[in-house]
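Report on the structure given below.
In structure tokens:
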């Protein structure tokens, strides 16, 4: 893990930071954003905002782009992502990992190029297999989470590194006044 950009101010004082392409999951406290999936609508019981991921949807991780760390939908007639960005995540993947997911509000307000992008809670390939920085889980657990989340209650994602003083560091850190 590397300390990410979420609701904790001055996370750089807590230890190693999350950077683009480091393969680390961001540590900290984060809001949960839009849920997404391949179906036209959210799964039964989900109350969170939902966006269908199509073959024209991308999450941009090109640090030189003004679209960095944003979900962008290209015009179907001009769906040539390599003409727009050097690096991006296809939101409709062949392996179905994004058939259900949630955007983690990491490095969103404001976006800082190079501080990490495209962080999601999404489906896993198999138990125990890592990701490139996201958090993955079984379809059963994702469905349970989506039916549990209530947008009116502002649930937060807490992620901490395995170190003895991580909770104490978090207690000493300032949480953003906007939270």
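In this note's numbering, the protein residues as written are 926 to 1104. For glycine and all other residues, C-beta sits at the position ideal for the given N, C-alpha and C. A quick note: this is a predicted structure, and the numbers were derived from the prediction, not measured.
Problem set entry | Exposed unless 16 or more other CB atoms sit within 10 angstroms - verdict on residue 993 | buried
Exercise. From 1038, 1043, 1065 and 1040, pick the residue whose C-alpha is nearest to that of residue 1051; which is it?
Worked result: 1065
Exercise. Taking the C-alpha atoms as reference points, what is the distance between residue 1041 and residue 1010?
Worked result: 16 angstroms
Problem set entry | Cβ pair residue 931, residue 1030 closer than 8 angstroms | yes
For this session: With a cut-off of 8 angstroms on the beta carbons, I'd call residue 957 and residue 1027 a contact; round off their distance for me.
Result: 5 angstroms
Exercise. Can you find a C-beta in chain D that's less than 8 angstroms from the C-beta of residue 1025?
Worked result: Given the protein chain composition of this structure (a single chain), no chain D is represented.
Exercise. Quick one: does the C-beta of residue 1023 sit closer than 7 angstroms to a heavy atom of the ligand PLP?
Worked result: With respect to the ligand PLP, the structure offers nothing, as it holds no ligand at all.
Exercise. According to the Cβ coordinates, are residue 929 and residue 952 closer than 8 angstroms?
Worked result: yes
Exercise. Across which residues does DSSP place residue 998 in a beta bridge pair?
Worked result: 982
Exercise. Are residue 1072 and residue 971 touching if we call contact CB-CB under 8 angstroms?
Worked result: yes
For this session: Using alpha carbons as the reference points, say which of 1074, 947 and 1047 lies closest to residue 963.
Result: 1047
Exercise. So, helix, strand or coil for residue 956, using DSSP?
Worked result: strand
Exercise. For the candidate residues 968, 990 and 995, whose alpha-carbon lies nearest to that of residue 1008?
Worked result: 990
For this session: Could you check the C-alpha separation between residue 998 and residue 1021 for me, to the nearest Å?
Result: 19 angstroms
Problem set entry | Under the three-state DSSP convention, the category residue 1076 falls into | helix
For this session: Buried or exposed for residue 1075, please, with buried defined as at least 16 other CB atoms from any protein chain shown within 10 angstroms of its CB.
Result: exposed
For this session: Since I believe residue 983 is in contact with residue 1006 (beta carbons under 8 angstroms), could you give me their beta-carbon distance rounded to a whole number of angstroms?
Result: 5 angstroms
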